[in-house]
Amino acid sequence: MRRAFLRAAAMTAAAAAALPRMAGAQNATAPVPPAGAPPTAARAPLTLADFGSFHVGGRDYVVAGQPVKEVRFSANGPLTRVDPNGTFVIGGMYAQYTVPAPQRGRLPLLMWHGGGLTGVTWETTPDGREGWQHFFLRRGWPVYVSDAVERGRAGWTMLPEATGGQPVFLTEDNPYERFRIGDGPGSRARGTTLPGNQFPADPVNYRNFMRQNVPRFTTTDELTLDAYLALLDRVGPSVVMVHSQAGLFGCRAAQERPELVKALVLAEPAAAGDMAKVAAVKGIPMLVLYGDYIDGDARWRTLRANGMQFFEAVRAAGGSVDVVSLPERGIRGNSHMMMMDHNSDQVAGVVQDWLAARGLWA
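Each residue of the sequence shown is one higher than the one before, starting from 372 at the first, in our numbering.
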């Protein structure tokens, strides 16, 4: 049975199955609250029609030949015999959905996060402002936020035979310097940023960001793609929005399920799709966003060039790809985490206008 949540002052985002039909107008948006304010400060209340959560994907994995262990599960508790052999479920994915009332987005909007991160990327900025989940909810989009395989609430396996590798975890310095927040090596220690940097890089809020970082595998792409395909199969035709590592999964999922991906939004994709299958996505409009200071960073120049090879191939196959360099639009100072930057609503507005121009928003 459908649940009505009228005039909810604070939105709790979670996720589950099918979506109701869409219609009507959307509440007005009040000014952005000051940095550090609670996410709902100075905002009009949200009206939600539904929210929930579910897990999708996964496969069985059999372990055999391992010694039985004795484990104490709690302090002063008895030793318990644990047999590590048997069938395990690995590779599941967590998803949450939030459905606004009324709705104006013609399709659900699926938000897929980058490497070493979770769906929190889209929810709330490190300095307490509303994230893109709120931005698009307020404009009437049903929003699905997921935690990919091995991240957040998706479950975890440390079976090396199943994952094919060891997880990677980042130091505090790494994202500060690699995500074009700081002005080069040693900038985290110096506390210096690129000129005009928009990321909330003060010590308190940067630490809030680092609290979100989680281990990631570089060897579970197949499991992750399978889970995203299972998500699409469950939700149905959707707009897919991806960030960084998820560029690979968004493009590959579109190639495998072109009938389900009706538009693809890529925020600084770190990888793209299969060059042998570009024709599969020629009917899917794509928007690609790049932030500031890429030309001064060899790593990001390479990632952008690699992505552009794929997008040019899609264009050559007859597809539509709009590539937006934010500084060329006069939107400056954006880091790799553009959905968390101080001007994140301005960047989201570029996406919203693009989706509306393609008839995906009423």
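Don't be surprised by glycine CBs; every beta carbon is placed ideally from N, CA and C.
- Here DSSP, grouped into helix, strand and coil, assigns alanine 641 to coil.
- In this structure, glycine 667 lies away from threonine 590, with their beta-carbon atoms at least 8 angstroms apart.
- One alpha carbon belongs to proline 546, the other to tryptophan 503, and they sit about 20 angstroms apart.
- The segment 597–607 makes no contact with the segment 641–654; the number of CB pairs closer than 8 angstroms stays below 3.
- For the pair arginine 475 and glutamate 627, the Cα-to-Cα distance works out to about 28 angstroms.
- Exclusion of the five residues before and after valine 453 leaves Val439, Lys440, Glu441, Val442 as the residues of its chain whose Cβ lies within less than 8 angstroms of its Cβ.
- A direct Cα-Cα distance of roughly 5 angstroms separates glutamate 521 from tryptophan 527.
- By the beta-carbon neighbour count (other beta carbons within 10 angstroms, threshold 16), methionine 710 is buried.
- Counting along the chain, valine 520 sits inside no alpha helix (DSSP H), nor does DSSP assign it H or E at all.
- Sequence-distant partners of threonine 564 (beyond 5 residues in either direction) whose C-beta falls short of 8 angstroms from its own C-beta, in its chain, are Ile552, Gly553, Asp554, Ser558, Phe570, Ala572.
- Residue nearest to alanine 733 within the set Gln616, Phe459, Pro513, Ser445 is Pro513 (criterion: CA-CA distance).
- Burial check for asparagine 447: the Cβ neighbour count within 10 Å stays below 16, so the residue is exposed.
- With respect to the 8 angstroms criterion, arginine 414 and glutamate 501 are classified as neighbours on the basis of their beta carbons.
- Residue burial annotation: alanine 669 is exposed, with fewer than 16 other C-beta atoms found within 10 angstroms of its C-beta.
- Between the segment 452–470 and the segment 423–434 there are three or more C-beta pairs closer than 8 angstroms, enough to call the two in contact.
- In the structure shown, glutamine 616 adopts coil according to DSSP, grouped into three states.
- CA-to-CA, the gap between valine 694 and tryptophan 671 works out to about 15 angstroms.
- In terms of Cβ geometry, phenylalanine 588 and proline 538 form a close pair [threshold 8 angstroms].
- DSSP places leucine 596 in the helix class (H, G or I) of the three-state scheme.
- Only residues of its own chain outside the window of five on either side were considered, and among them Tyr465, Thr489, Gly490, Val491, Val585 have a CB closer than 8 angstroms to the CB of glycine 523, listed in chain order.
- Proline 531 carries a helical assignment under DSSP once its states are collapsed to helix, strand and coil.
- CA-CA distance, alanine 617 to leucine 596, rounds to 9 angstroms.
- The alpha-carbon separation between histidine 426 and glutamine 437 amounts to approximately 29 angstroms.
- For threonine 673, the uninterrupted alpha helix (DSSP H) segment begins and ends at 669–687.
- When only Cα atoms are considered, arginine 578 and alanine 560 end up about 13 angstroms apart.
- Nearest in C-alpha terms to asparagine 576, of all of Leu697, His505, Ala533, Glu543, is Glu543.
- Here aspartate 693 is bridged, per DSSP, to Leu658.
- For alanine 435, the secondary structure class from DSSP, reduced to helix, strand or coil, is coil.
- Taking 8 angstroms as the upper bound for CB-CB distance, alanine 634 and valine 652 are not in contact here, some 11 angstroms apart.
- In chain order, Gly462, Val520 place their CB closer than 6 angstroms to the CB of leucine 594, counting only its own chain and leaving out the 5 sequence neighbours on each side.
- Looking from the CA of glycine 486, the closest CA among Phe506, Gln583, Asn568 belongs to Gln583.
- Methionine 679 and methionine 646 have their C-alpha atoms some 11 angstroms from each other.
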